[in-house]
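Protein chains in written order, with the numbering used here: chain G, 1 to 366; chain W, 1 to 366; chain B, 1 to 366; chain V, 1 to 366.
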């Protein structure tokens, strides 16, 4: 399937550009019977909405979702759920100066090379607005997952060099950076403000922890739970790295340090530690599913940069317009959304992994 | 498609267990006209073969490939290429003791949970032997890529804490660890020998650099070049992390430091630096495609470990048998293979990305 | 991928129900550079619009398409093209009486069995309105195909027992039944009027002939040109049969009668006859691609019918409301649309079928 | 995915040419727990084996299957099942004369156009031997389906103009034509013998009836049960037509004649008639799933035929070698196999179609 389509049994198809009519998503293969209201989607969208703090672009994006299909009397019907968010507050003229210039760190040059044509306004398809469709789909998936006792905590782990040193879940929603450590959040805020003054930007790391995932989710070989999470995460615009569990740190440990021992606890198999991040051989092992995603600093900065024009001439640009000094806080909900999509898709598929499951569904009906 | 199948236009389907009849792969969608001999495959397989140094398992695996279809008079025909490698030297009894025990760090427990049944011998499907199919397919893809001027250098970047401090390509094949830095290789060798003495194991990081990739390869959104590389890499058994270009380091840089400037050089657009690792917006930008993969230490160690039986009882195991003290050197060619599969698949797909390309192929024929 | 998604390199995702907010489609993998205006889509939609003759439902569906993404300055950009058509003129109350009754010949019962829930209004997702997304996508594909010299003639071959006995292409658009034979059209019209009087309905056969298809389109084995056409056609609501070339008639011929001889004509290989319908081994052979699709009579009839309620009681229903006495004329453009989608998708994929094609696109650029 | 790969959750990948090392299939996504022995596969393969009657090619193909993976202690493990059948009795020289000539009715010309290269021996990939992989996979699927109470009766409905006039299931395996009507079989036998004498060939129609399919199988829109069956059937080499239920006949009926009434019977919803062939809206309705497939006469005939060489010259060929005078009897098991693959794949996928099914499998475990 084509590049803007994702998933096997649960298939999402996102569309839309920064400065077109709107953005949206079609989600097909949604299990029937999930309670769904616009508010469920809106709550997720609000988490990525700009203009909410000093650290996000002052662009006003109301981003009101409209559910166009697939829901009847408050429940999903099993038919495709189409959702659309109209674009508004477009300053296309802001981008006029960039029509013939390739912005460093952006996809301007590569889209031109691939397609021989590009919509330069606001990055077109490669804009961060593309994630709105993902978040809408993710909100829907998390409704179903929550229903089955699966919950996520997603947060900013670090901003530049400032890393959290404690994990207080309640703190996450109390600061605009979504950090579970108040002091780290304060330190990071200062750093961001300094970068803003310099016309510069920062990056950081998002972490996601998912509890309640039953053992047995994930398809061996190429569609391992961690492989699909890695694809999903690296598919987010500014993502540059992915770690499952301990990630790169694991490469520095010995086997005896890195292996997680099993033991019995209340008649359940549990792991004493969770270096693996909740997967073994690409299949969930019943412990918390944990991973991290590294995001580069926002490429749009107002400092002057060397670059070239599409006519092949060297030039210097200064990017005006309204940009996030850091992508990370708004990426938190995108990471969570993509994880939800991956998980629900794998659960739908795995439902047919044993002959006895098929019998349970099709034969015991009699 | 199911989990052991990978790719869109170029689709590979791997099969086989550690202690079954053999392992293999079917590659479909192979462009016609690629010169292919068994030797081309064998050369790749030999790079992952055990028993070649003190640092790999002394198991003898001759791993002779048989090309069963899709090649006629030395050229691929466009039809599926099936390749098989018979298993040999099987010590199934070595695993008898493990029939009812879940090995820490292995997929024993999760396969049992997912399928309700498992082939415990040597890890079954989750064994490292599963990568033989990948390497066979990768060898084929690299034949085509080389033909188009695309070449890879893949090597061990670090073993535990020992990281390379220089990059001498010629050195890579001169040491059994595939490190491009002789001194680092020596230091790492010592470390591995110590771990072996302790009955322990080590991990490390593999790096891959691909030159000659034209700008424009990669499909936006979910099938970005980096997203598919991430999936491909995390799908390798012991992989725990992935970095495109600077990866996690990018999250610590400022935008002005991380952005790669463009400039003209001999009428070509080039980048002054390559923090991005050769992609922008998920599409190749014409510079070197670079990424890193973190591998955990081999989970099979002879030190005693706490675990449980499939009857739900705590126990202790000591894994005998013949195991690699470190997976990394043998993973080098697996990483390169998966990269080749991803690249050729994306190139086949991208061939239809412009109406003018279709005209070039179908209409200009007249 | 899920059921409302179709295609490999060119992937369409349709959505929408009869009585929801609207219907639409997202088309991804569209080659960049196709000239596209709303009018191009509208022209196709108008061919399936009801209310245009005595033989279609008097429902007024204005069906104005809105192109929401993927087009910039009149050309496709290679990004997903999203199109939406708002529903209007909804008589949901017409369906109140049917809330708990399964209509014979409709999908009411099977949707209830599959999903445990259904949107009964107007057939919900299984309504004929679902084809609007297909037609919108088809219009786009035919723009590209026409550009490459590929053209379709699609028409009604028979209505009940009335079959055409001559083929005058100009006649097709002159009668509301889209028959290329004026006399047959008149005879068929009478038949339909009689059926309408009886509160009954009729079926028929649609034929499609496509000229200009270069030899070499279609993927062997499961994704043969004819196999994908068969899937595409049987996926249309009321379709019950498919014939490639001579179809069932071929099963009655001898090999010597059915084989199409080759001969040279102006240095081209041509076929003396075209029993095969333009494919050999599932790959286009350069002659006209011809196939037929059988459509059942409209299941919604006003004659009383025996059926059951969702509470498991026998009952009788009389379907009021506004229904087509025959689906065939409106299905003509749906058949043509699906054929265009299949063809363009296969052409995009086939672009990578030879190493020399890849070189043409990627290497000769230098 | 590429052309020789088929299926969504259950994915088969077939490979092999007529005169290469062998043919085979990899089936991935197989539910764990299906009892499977080589004999189960062999029984199916024997039904398509040549040399068993006067009406099949006297070529000896022993066609012994080897199961290479995915089965442990007699049960499928959920891992890919690879099966191989070595080629034997190859008369490659028989085809020397055809190296530069395009046989009418065969894929010689189209493969040459598509790939620029072809393996001319015995049709290479487009040979009937390609179906061995399909039949092996089908045998496996039917093991699981039978286990769930789903059974098929597949038979020859007509040979040229000779159609069955009664249906005696027991008769099917008693005559080499697999016809459920002894008299028709005798009449057809005579016809075939006459055709053989003339150096000519015949076609016919295969019918398949599947009982025990629960209501609710099939994915709306493009992956309807009938749409996937149509694709699967037209993907068989010589297939030219497909009918679901009454097929083309339905296009001649009135709505009141063609609609199947529902009524209650022992608290079950049943249909009074089954014109629809067991599907409504592309989803199984609980009644028998019935369809027909038309096969053209074998294209290989010994009568002289006009054709061209690959150098572009007119010529005449007489095809020697050993060929089936009719494909139909050997196609019976291929049709049944493909139907089983489609059904089991759809059942695996449909297992996730309701939130309550997911709960049944994942949540109730606790």
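Even for Gly, the Cβ is constructed at its ideal location relative to N, Cα and C.
Spatial distance of residue i from residue j (CA atoms)
{"i": "residue 110 of chain B", "j": "residue 264 of chain V", "result": "15 Å"}
{"i": "residue 19 of chain V", "j": "residue 87 of chain V", "result": "7 Å"}
{"i": "residue 32 of chain G", "j": "residue 62 of chain B", "result": "31 Å"}
{"i": "residue 77 of chain B", "j": "residue 71 of chain B", "result": "6 Å"}
{"i": "residue 250 of chain G", "j": "residue 168 of chain W", "result": "26 Å"}
{"i": "residue 68 of chain B", "j": "residue 338 of chain B", "result": "21 Å"}
{"i": "residue 230 of chain G", "j": "residue 288 of chain G", "result": "17 Å"}
{"i": "residue 349 of chain V", "j": "residue 222 of chain G", "result": "19 Å"}
{"i": "residue 356 of chain W", "j": "residue 247 of chain V", "result": "41 Å"}
{"i": "residue 240 of chain W", "j": "residue 299 of chain B", "result": "56 Å"}
{"i": "residue 238 of chain B", "j": "residue 142 of chain W", "result": "48 Å"}
{"i": "residue 98 of chain V", "j": "residue 106 of chain V", "result": "12 Å"}
{"i": "residue 311 of chain V", "j": "residue 104 of chain V", "result": "16 Å"}
{"i": "residue 333 of chain W", "j": "residue 124 of chain W", "result": "21 Å"}
{"i": "residue 351 of chain G", "j": "residue 360 of chain G", "result": "10 Å"}
{"i": "residue 140 of chain W", "j": "residue 41 of chain W", "result": "7 Å"}
Any C-beta of chain A under 8 Å from that of residue i
{"i": "residue 196 of chain G", "result": "Considering every chain present, this structure includes no chain A. Its protein chains are G, W, B and V."}
Any C-beta of chain W under 8 Å from that of residue i
{"i": "residue 258 of chain G", "result": "yes"}
{"i": "residue 40 of chain G", "result": "no"}
{"i": "residue 5 of chain V", "result": "yes"}
CB contact check: residue i to chain G, cutoff 8 Å
{"i": "residue 362 of chain V", "result": "yes"}
{"i": "residue 79 of chain B", "result": "yes"}
{"i": "residue 335 of chain W", "result": "no"}
{"i": "residue 151 of chain W", "result": "no"}
Contact with chain V by residue i, beta-carbon distance below 8 Å
{"i": "residue 227 of chain G", "result": "no"}
{"i": "residue 147 of chain G", "result": "yes"}
Within-8 Å CB hit, residue i to chain B
{"i": "residue 175 of chain W", "result": "no"}
{"i": "residue 16 of chain V", "result": "no"}
{"i": "residue 155 of chain V", "result": "no"}
{"i": "residue 305 of chain V", "result": "yes"}
{"i": "residue 127 of chain G", "result": "no"}
Residue i beta carbon near the ligand MN (any heavy atom closer than 7 Å)
{"i": "residue 131 of chain W", "result": "Annotation note on the ligand MN: not contained in the displayed structure, which lists no ligands."}
Supposed close pair residue i, residue j - CB separation, criterion 8 Å
{"i": "residue 13 of chain G", "j": "residue 5 of chain B", "result": "7 Å"}
{"i": "residue 147 of chain G", "j": "residue 353 of chain W", "result": "Between residue 353 of chain W and residue 147 of chain G the Cβ distance is about 40 Å, and since that is not below 8 Å, they are no contact."}
{"i": "residue 10 of chain V", "j": "residue 344 of chain V", "result": "6 Å"}
{"i": "residue 23 of chain B", "j": "residue 85 of chain B", "result": "6 Å"}
{"i": "residue 341 of chain V", "j": "residue 7 of chain V", "result": "6 Å"}
Selection from the options that minimises the alpha carbon distance to residue i
{"i": "residue 262 of chain G", "options": "G:276, G:253, G:334 and G:352", "result": "G:276"}
{"i": "residue 182 of chain W", "options": "W:48, W:195, W:158 and W:15", "result": "W:158"}
{"i": "residue 267 of chain B", "options": "V:280, V:314 and V:240", "result": "V:314"}
{"i": "residue 215 of chain W", "options": "G:23, G:113 and G:248", "result": "G:113"}
{"i": "residue 258 of chain W", "options": "G:296, G:292 and G:257", "result": "G:296"}
{"i": "residue 64 of chain B", "options": "B:46, B:81 and B:55", "result": "B:46"}
{"i": "residue 209 of chain B", "options": "B:255, B:165 and B:154", "result": "B:154"}
{"i": "residue 145 of chain G", "options": "G:122, G:228, G:165 and G:213", "result": "G:213"}
{"i": "residue 166 of chain B", "options": "B:25, B:179, B:291 and B:1", "result": "B:179"}
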